[in-house]
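Protein chains in written order, with full-length UniProt numbering: chain A, 1 to 215; chain B, 1 to 215.
There are 2 protein chains.
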Amino acid sequence: MTTRRTGLREQKKQATRVALREAALRLALKDGPDNVRVDDIAEAAGVSPRTYNNYFSSREQAIVAAVTAERESRVATAVAARPAHVRLADALTEAILEQYTEPRDHDEVLLINASPTLRDAFLDAAAAIEHPLAAAIDQRLGDTGTPTARVLAASVAAAVRIALRQWLQPPAAPLATGGLVVPSGSLPDLLRSALAALAPALDAAEEQARQRLQQ
Amino acid sequence: MTTRRTGLREQKKQATRVALREAALRLALKDGPDNVRVDDIAEAAGVSPRTYNNYFSSREQAIVAAVTAERESRVATAVAARPAHVRLADALTEAILEQYTEPRDHDEVLLINASPTLRDAFLDAAAAIEHPLAAAIDQRLGDTGTPTARVLAASVAAAVRIALRQWLQPPAAPLATGGLVVPSGSLPDLLRSALAALAPALDAAEEQARQRLQQ
DNA sequence: AGCAAATATTGCGTGCACGCAAGTTTGCGT
DNA sequence: ACGCAAACTTGCGTGCACGCAATATTTGCT
């Protein structure tokens with residue numbers, strides 16, 4: 001189950017997709033994210049502007065794709081790779097940390113934060129883990145016929161999004177919120193604490209699945 | 001804390017907002033959702049096309065807004081209205097069911113399903129419960145400094161979105177999924193079962209809050 | 001090798017979102 | 001009552017997303 005579909009065609013498609021997103025990233029770093037028109041990206045990648053939109057449905061998507069590569073799909077794979085006896089909550093947390101702790105280019109993070117539109121696109125891209133993740137969770141729970149797996153996957157995606165948003169946010173002015181100001185910690189910490197809130201739900205779902213199997 | 005801000009200005013703004021969304025709905029029902037241009041809506045509401053986009057940031061938003069009115073903000077209010085001794089999970093479920101069980105116009109549901117773009121816009125609109133809900137949950141948990149409330153609110157929003165999507169979906173062809181085909185039930189049932197998956201997480205958060213208060 | 005079906009690319013046309021810089025209306029202090 | 005400042009509306013210009021139909025490329029088959 002590696003590369004479904006035919007050969008040369010798919011190869012070329014992947015090539016242009018990569019060409020597009022790399023061109024997009026290069027131009028964005030050079031001229032600033034707001035000074036890159038999709039026509040520029042298309043030209044730099046050697047395709048027509050119309051073709052750009054056959055691959056990406058917004059100007060920002062290509063830039064974001066260059067930064068996140070295929071992280072989204074790898075998360076689900078990483079979950080599936082964990083042994084079945086590991087607690088679901090742990091499997092998810094570890095898989096996500098694993099994927100979001102790659103060697104990061106500092107310039108790219110700054111780039112993404114430079115434009116609100118880009119930041120939103122980046123956060124939206126994280127939502128792409130939802131469907132693969134739902135499949136992976138469904139696999140573990142063997143729980144077809146109940147929306148549980150889908151809801152949990154969506155919740156995990158939401159938690160990731162929240163952690164990423166917090167991470168990207170400027171510490172903000174400490175406008176007396178009545179309490180102390182929490183300095184937005186490291187990304188792994190943020191992800192951990194966001195996912196922690198969901199652990200009980202994950203445990204419960206897993207327990208239910210176990211009981212269903214036993215009876 | 002009813003109508004913050006000044007008087008006549010806000011009144012007029014609300015009036016045009018309502019005029020716009022009602023015009024949008026009326027035209028969409030008359031001509032079909034894909035045959036309504038934003039210029040038409042603006043004209044019907046007596047404002048310039050540019051002004052339309054000061055109120056709604058997409059063509060579909062006005063139509064959706066006409067159908068959902070202010071349901072999104074009312075959900076949070078409904079949660080806050082429940083007595084504090086009610087289980088958080090129950091308060092949320094009841095509040096949501098209460099808001100999504102209004103007398104519904106059948107035509108409007110059909111309308112929304114008529115166009116994929118419109119359906120997506122409708123589901124996106126449901127995400128608007130997230131922020132008010134986060135505030136309401138935060139209130140109950142008194143849990144500032146932890147992303148828990150935000151994560152739970154986002155998860156609830158996601159669950160609602162999933163339930164609504166399922167509800168809107170055509171029963172689909174029964175392509176042997178190995179098991180039996182589940183006929184998408186009534187909206188209340190769908191909402192209940194989607195939210196059920198999150199109950200353990202809500203309970204746990206509540207329990208933690210209680211312990212924090214006692215010590 | 002050659003051909004037909006499947007699939008990708010491209011140009012064109014349309015409608016849309018939104019920044020910007022006038023012009024207009026409303027609110028408020030004096 | 002007056003007038004200034006803040007907030008809202010409008011027109012314009014630009015870039016973008018995407019449906020459609022024509023064209024080009026790849027593939028599998030014989």
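Beta carbons: idealized from backbone N, C-alpha and C, even for Gly. In this text the structure is predicted, and so the values were computed from the model without any measurement.
Is residue 143 of chain B helix, strand or coil when you go by DSSP? Residue 143 of chain B: coil per DSSP, three-state reduction.
Using a Cβ cut-off of 8 Å (strictly closer), state whether residue 110 of chain A contacts chain B. Look at residue 110 of chain A: its C-beta is not under 8 Å from any C-beta on chain B.
Could you name the residues of the same chain whose beta carbon sits closer than 7 Å to that of residue 164 of chain B, not counting the 5 residues immediately before and after it, in chain order? Within the same chain, and ignoring the five residues on either side of residue 164 of chain B in sequence, the residues whose Cβ sits closer than 7 Å to its Cβ are 123 and 126.
What is the DSSP secondary structure of residue 12 of chain B, reduced to helix, strand or coil? Of the three classes helix, strand and coil, the one that applies to residue 12 of chain B here is helix, per DSSP.
Out of B:27, B:67, B:16 and B:26, which one is the CA nearest neighbour of residue 46 of chain B? Among B:27, B:67, B:16 and B:26, the Cα nearest to that of residue 46 of chain B is on B:16.
Distance CB(residue 111 of chain A)-CB(residue 200 of chain A) smaller than 8 Å: No, they are not a contact pair.
Could you tell me the distance, in whole angstroms, from the CA atom of residue 3 of chain A to the CA atom of residue 74 of chain A? Bear in mind that the predicted position of residue 3 of chain A carries a pLDDT of just 46, short of 50, making it unreliable; the figure below should be weighed with that in mind. Per the coordinates, the alpha-carbon of residue 3 of chain A lies some 15 Å from the alpha-carbon of residue 74 of chain A.
Considering only residues of the UniProt domain "HTH tetR-type" (14 to 74) of chain B, which uninterrupted alpha helix (DSSP H) runs meet the minimum length of 4 residues and lie entirely inside it, listed in chain order? 38 to 45, 49 to 55 and 59 to 68, all fully within the UniProt domain "HTH tetR-type" (14 to 74) of chain B.
Would residue 192 of chain A pass as an interface residue toward chain B - the criterion being a Cβ-Cβ separation below 8 Å? It does not; no Cβ of chain B falls within 8 Å.
In the DSSP assignment, the alpha helix (DSSP H) including residue 207 of chain B goes from what residue to what residue? 199 to 214 is the extent of the alpha helix (DSSP H) around residue 207 of chain B.
Using Cβ-Cβ distances below 8 Å, what residues of the stretch 124 to 153 of chain A are close to chain B? Under the 8 Å Cβ criterion, the stretch 124 to 153 of chain A contributes 144, 145, 146, 147, 148, 150, 151 and 152.
Contact between the stretch 145 to 152 of chain A and the stretch 150 to 165 of chain B: three or more CB pairs below 8 Å? Segments in contact, yes.
Within the same chain, show all residues whose beta-carbon is closer than 6 Å to that of residue 19 of chain A, passing over the 5 residues directly before and after it, in chain order. The residues are 45.
Tell me, to the nearest whole angstrom, how far the beta carbon of residue 128 of chain B is from that of residue 72 of chain B; I am working on the premise that it is less than 8 Å. Going by Cβ atoms, the distance from residue 128 of chain B to residue 72 of chain B rounds to 4 Å, so yes, they are a contact pair.
Which residues, in order along the UniProt domain "HTH tetR-type" (14 to 74) of chain B, keep a beta-carbon less than 9 Å from a beta-carbon of chain A? Per Cβ criterion, the list is empty.
Would you mind telling me which residues of chain A sit closer than 7 Å to residue 205 of chain B, beta carbon to beta carbon, in chain order? Chain A residues near residue 205 of chain B: 197.
Beta-carbon proximity check, residue 82 of chain B vs residue 91 of chain B, cutoff 8 Å: Going by C-beta atoms, residue 82 of chain B is nearer than 8 Å to residue 91 of chain B.
Shorter than 8 Å from the beta carbon of residue 155 of chain B to some beta carbon of chain A? Chain A contact via Cβ: present.
Buried versus exposed call for residue 1 of chain A [16 or more other C-beta atoms within 10 Å across all chains shown]: Legend: pLDDT at residue 1 of chain A = 41, less than 50; position of this residue unreliable, no value from coordinates given.
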